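Okay, so here's the structure we're looking at.
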Amino acid sequence: MAGSKIRVGIITDHGNVPRWGVEALRHVGDLIEITEVYSCRNTTARRDYISHFAYYCLNVLAIRNAWTRGIAYSPCDTRAIEFDADNEGGWQRLPEEILRDIRSKNISVLIKFGMGLLRITSDLEGIDVMS
13 MAGSKIRVGI
23 ITDHGNVPRW
33 GVEALRHVGD
43 LIEITEVYSC
53 RNTTARRDYI
63 SHFAYYCLNV
73 LAIRNAWTRG
83 IAYSPCDTRA
93 IEFDADNEGG
103 WQRLPEEILR
113 DIRSKNISVL
123 IKFGMGLLRI
133 TSDLEGIDVM
143 S
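Numbering of the sequence shown is given in the working numbering, commencing with residue 13 and proceeding in unit increments.
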């Protein structure tokens, strides 16, 4: 269908998206329709500072800047749907009520700015996930 926009859902951690992500979404605004924002409340990062010391040094010195810090994201005054992810070891899964909401809104792409490792199951079949 020419001219139709891609229906998109955004996944965040606590309603925050890095500034670069907000700008990227703004630039593709004529191609996508942000249907819903989903905000994960229980993402935790396991940090092994000793094993990954060099990475954390690089992160502090080069990667952390105004573009990578999270900022509150609420397009068009959309209130985010908050949820707690189901945890399976180091993986997270979207809870059933979020999966139902995604399907009911005919979202075809999820853009993941939040959560840890997302387990992709058959429940997400037909939905592209960008991370």
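C-beta atoms are modelled at their ideal positions from N, C-alpha and C, and glycine is treated no differently. No experiment lies behind these values; they were computed from the predicted model shown.
Reference A36, options L129, T56, T80 and E48, closest by Cα: Indexing the sequence shown from 1 puts residue 36 at position 24. For the residues L129, T56, T80 and E48, the minimum Cα distance to A36 belongs to T80.
Environment of S51 [buried if 16+ CB atoms lie within 10 Å]: As a working mapping, residue 51 is identified with position 39 in the sequence shown. Classification of S51: buried, given that the 10 Å Cβ count is 16 or more.
Report all residues from its chain with a CB closer than 8 Å to the CB of I46; omit the five preceding and five following residues, and keep chain order. Counting from one through the sequence shown, the residue named residue 46 turns up at place 34. Around I46: V20, G21, I22, L37, P87, C88 and T90.
Give the secondary structure of P87 by DSSP, where H, G and I count as helix, E and B as strand, and everything else as coil. Within the sequence shown, numbered from 1, the residue matching residue 87 stands at position 75. Looking at P87 - three-state DSSP - the assignment turns out to be helix.
Check whether the segment 23-35 and the segment 121-140 touch, using three or more Cβ-Cβ pairs below 8 Å as the test. yes
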